[in-house]
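Before any comments, here is the structure.
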Amino acid sequence: MDHCPSIRPRNQLQSAVPHSARMYDYYLEGKDNFAADREAAEAAVAVFPYIAEAARANRRFLHRVVRYLARDAGIDQFLDVGTGIPTSPNLHEVAQALVPETAVVYVDNDPLVLAHARALLPSSPQGRTAYLDCDLLDPERIITSDEVRGTLDLSRPVALTLIAVLHFVPDEADPLGVVGRLLDELPSGSYLALSQVTADFAEESIGLLAETYRDRGIAAQPRSRAEVAKFVEQLELVEPGIVAAHRWRPDTDLDLGLRDEQVSVWAVLARKP
Numbered sequence: 015m016d017h018c019p020s021i022r023p024r025n026q027l028q029s030a031v032p033h034s035a036r037m038y039d040y041y042l043e044g045k046d047n048f049a050a051d052r053e054a055a056e057a058a059v060a061v062f063p064y065i066a067e068a069a070r071a072n073r074r075f076l077h078r079v080v081r082y083l084a085r086d087a088g089i090d091q092f093l094d095v096g097t098g099i100p101t102s103p104n105l106h107e108v109a110q111a112l113v114p115e116t117a118v119v120y121v122d123n124d125p126l127v128l129a130h131a132r133a134l135l136p137s138s139p140q141g142r143t144a145y146l147d148c149d150l151l152d153p154e155r156i157i158t159s160d161e162v163r164g165t166l167d168l169s170r171p172v173a174l175t176l177i178a179v180l181h182f183v184p185d186e187a188d189p190l191g192v193v194g195r196l197l198d199e200l201p202s203g204s205y206l207a208l209s210q211v212t213a214d215f216a217e218e219s220i221g222l223l224a225e226t227y228r229d230r231g232i233a234a235q236p237r238s239r240a241e242v243a244k245f246v247e248q249l250e251l252v253e254p255g256i257v258a259a260h261r262w263r264p265d266t267d268l269d270l271g272l273r274d275e276q277v278s279v280w281a282v283l284a285r286k287p
């Protein structure tokens, strides 16, 4: 596994300091979190009681969009940036169940994700998976890494997935430029799937939620639908376009029974022409 220098200070595994990936793991009822993460997560729940439901809806969106890409769009290569702590089924498990030869590169710079990276690597006999320890904010290093170049064929379409990660990147870090640089290296017919927390449906509670994260040293920036649209304005939207995560091709009553303000996450899939 390659190590990619971060343009931000390198995260260290500090159990006394809350971390967004471990808080997300707590919302999903995982076991890879510490007391500081649970305290911060409970503080988040206090201001936005639906956060666990939102996290699960976001995860289901990932599963649906991967199934669509593998089954209907003919995609057998994925670049998943901001992977988070492994939670089965992982992206490659969903995709390879439909297309066994699927290749996946996972990218994250969280030391706990690195510690669990072996859970991301077992692949179908026909497929391939790799893990790159790298920061989203260093797209050049991602694209030129041995993991990406050795696992993916960048002459063929790739799905770039940025699921629940961009709201941890403030505008001053130029997330539009970062995403654009990654897309520049992908050929026509590639896809971008992303999800992003928004205050459009519940302005007060999501504002308080962002403050809760920032008060604990975690960058948090909700974005409006118009701001999310900027990430895909040069791409072709896949129906139903930019919608709340639970409304993107729902296939379970778990999503059909949710309200937009309970999820407060925009989701979109778009194709590079």
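If you count the sequence shown from 1, position 232 lands on 246 in my numbering, and the numbers rise without skipping. We treat Cβ as the ideally placed atom computed from N, Cα and C, and that holds for glycine.
Q: Can you give me the Cβ contacts of Leu-93 inside the same chain, cut-off strictly under 6 Å, excluding the 5 residues immediately before and after it?
A: Locating residue 93 in the sequence shown gives position 79, where the first residue counts as 1. The answer, listed in chain order, is Val-119, Val-172 and Leu-174.
(Q) Using only CA atoms, which one of Leu-42, Glu-56 and Glu-43 lies nearest to Pro-32? (A) Numbered from its first residue, the sequence shown carries residue 32 at position 18. Taking Pro-32 as reference, the option from Leu-42, Glu-56 and Glu-43 with the minimal CA-CA separation is Glu-56.
Q: Within the same chain, show all residues whose beta-carbon is closer than 8 Å to that of Asn-25, passing over the 5 residues directly before and after it, in chain order.
A: Translated into positions along the sequence shown, residue 25 becomes position 11. Below a pLDDT of 50, predicted positions are generally treated as unreliable, and Asn-25, at 46, falls in that range; the measurement from the model is reported next regardless. Excluding five sequence positions before and after Asn-25, the CB atoms of its chain that fall closer than 8 Å to its own CB belong to His-33, Asn-123, Asp-124 and Pro-125, given in chain order.
(Q) Given a cut-off of 7 Å on the beta-carbon distance, is the pair Ala-109 and Val-80 in contact? (A) Within the sequence shown, the letter at position 95 stands for residue 109. Within the sequence shown, the letter at position 66 stands for residue 80. Pairing Ala-109 with Val-80 gives a Cβ-Cβ distance under 7 Å.
Q.
Taking 6 Å as the cut-off, is the C-beta of Asp-51 nearer than that to any heavy atom in the ligand HEM?
A. Absence of the ligand HEM is noted for the structure shown, with no ligands found whatsoever.
**Q.** Which listed residue (Arg-230, Gln-91 and Thr-101) has its alpha carbon closest to that of Gln-140
**A.** The residue labelled residue 140 in the question sits at position 126 within the sequence shown. Taking Gln-140 as reference, the option from Arg-230, Gln-91 and Thr-101 with the minimal CA-CA separation is Gln-91.
Q) On the three-state DSSP scale, how would you describe Gln-110? A) Taking the first residue of the sequence shown as 1, we reach residue 110 at position 96. DSSP places Gln-110 in the helix class (H, G or I) of the three-state scheme.
**Q.** Rounded distance between the beta-carbons of Ala-68 and Gln-235, thought under 8 Å
**A.** Walking along the sequence shown from the start, residue 235 turns up at place 221. Walking along the sequence shown from the start, residue 68 turns up at place 54. Gln-235 to Ala-68, Cβ: 16 Å. No contact.
Q: Work out the CA separation of Met-37 and Thr-226 for me, nearest whole Å.
A: One-based indexing of the sequence shown puts residue 226 at position 212. One-based indexing of the sequence shown puts residue 37 at position 23. For Thr-226 and Met-37, the distance between alpha carbons rounds to 12 Å.
**Q.** Straight-line Cα distance separating Leu-134 from Gly-44
**A.** Here residue 44 refers to the residue found at position 30 of the sequence shown. Here residue 134 refers to the residue found at position 120 of the sequence shown. For Gly-44 and Leu-134, the gap between their C-alpha atoms comes out near 16 Å.
Q. Should Gln-210 be labelled buried (16 or more other beta-carbon atoms within 10 Å of its own) or exposed?
A. Position 196 of the sequence shown holds residue 210. Gln-210 is buried by the Cβ-count criterion.
Q.
In the DSSP assignment, the alpha helix (DSSP H) including Phe-62 goes from what residue to what residue?
A. Against the sequence shown, residue 62 aligns to sequence position 48. Looking at the DSSP string, Phe-62 is not in any alpha helix (DSSP H), and its letter there is neither H nor E.
(Q) With H, G and I counted as helix, E and B as strand and the rest as coil, what does DSSP make of Asp-152? (A) Within the sequence shown, numbered from 1, the residue matching residue 152 stands at position 138. Reduced to three states, the DSSP call for Asp-152 is coil.
Q | Classification of Val-279 by the beta-carbon crowding that lies within 10 angstroms, buried from 16 upward | A | Residue 279 sits at position 265 when you count from the first residue of the sequence shown. Classification for Val-279: buried.
Q.
Measuring only the C-alpha atoms, how far is His-181 from Leu-112?
A. Here residue 181 is taken as the residue at index 167 of the sequence shown, counted from 1. Here residue 112 is taken as the residue at index 98 of the sequence shown, counted from 1. For His-181 and Leu-112, the distance between alpha carbons rounds to 30 Å.
Q. Is it the case that the Cβ atoms of Asp-147 and Leu-128 are separated by a distance below 7 Å?
A. Within the sequence shown, the letter at position 133 stands for residue 147. Within the sequence shown, the letter at position 114 stands for residue 128. In terms of Cβ geometry, Asp-147 and Leu-128 form a close pair [threshold 7 Å].
Q) For Leu-270, which residues from the same chain have a beta carbon less than 6 Å from its beta carbon, with the 5 sequence-adjacent residues on both sides left out? A) Residue mapping note: residue 270 aligns to position 256 of the sequence shown, counting from 1. Same-chain partners within the cutoff: Pro-264.
Q: Would you give the residue range spanned by the alpha helix (DSSP H) that Thr-165 belongs to?
A: Residue 165 sits at position 151 when you count from the first residue of the sequence shown. Boundaries of the alpha helix (DSSP H) harbouring Thr-165: 160–165, taken from the DSSP string.
Q. Comparing the C-beta of Ala-55 with each C-beta of chain B, is any distance below 7 Å?
A. The chain inventory of the structure shown lacks chain B, comprising one protein chain alone.
Q. Which residue from Val-61, Arg-237 and Ile-157 puts its Cα closest to that of Val-179?
A. One-based indexing of the sequence shown puts residue 179 at position 165. Distances from the CA of Val-179 to each of Val-61, Arg-237 and Ile-157 were compared; the closest alpha carbon is that of Arg-237.
Q: Pick out whichever of Ala-281, Gly-164 and Ala-187 has its Cα sitting closest to the Cα of Asp-214.
A: The residue given as residue 214 occupies position 200 in the sequence shown. It is Ala-281.
Q: Assign Val-121 to one of three DSSP states: helix, strand, or coil.
A: On the sequence shown, residue 121 is found 107 positions in, with the first residue counted as 1. Strand.
Q) So, Ala-187 versus Leu-151, is the Cβ gap smaller than 7 Å? A) To locate residue 187, count along the sequence shown from 1; it is residue 173. To locate residue 151, count along the sequence shown from 1; it is residue 137. Annotated as proximal: Ala-187 and Leu-151, with beta-carbon spacing under 7 Å.
Q | Ala-11 versus Arg-228 - alpha carbon distance | A | Coverage of the chain is limited to positions 15 through 287, which leaves residue 11 absent and any answer about it impossible.
Q. Which term fits Arg-73, buried or exposed, when burial requires 16 or more other beta carbons within 10 angstroms of its beta carbon?
A. Taking the first residue of the sequence shown as position 1, residue 73 is located at position 59. So Arg-73 counts as buried.
Q: Identify whether Gly-92 lies in helix, strand or coil by the three-state DSSP scheme.
A: By one-based count along the sequence shown, residue 92 stands at place 78. The question names Gly, but residue 92 is Phe in the sequence shown. In the structure shown, Phe-92 sits in a strand (DSSP, three-state: E or B).
Q: Determine which residues share a DSSP beta bridge with Tyr-145 and list them.
A: Numbered from 1 along the sequence shown, position 131 holds the residue referred to as residue 145. Note: Tyr-145 sits in a beta bridge opposite Tyr-120.
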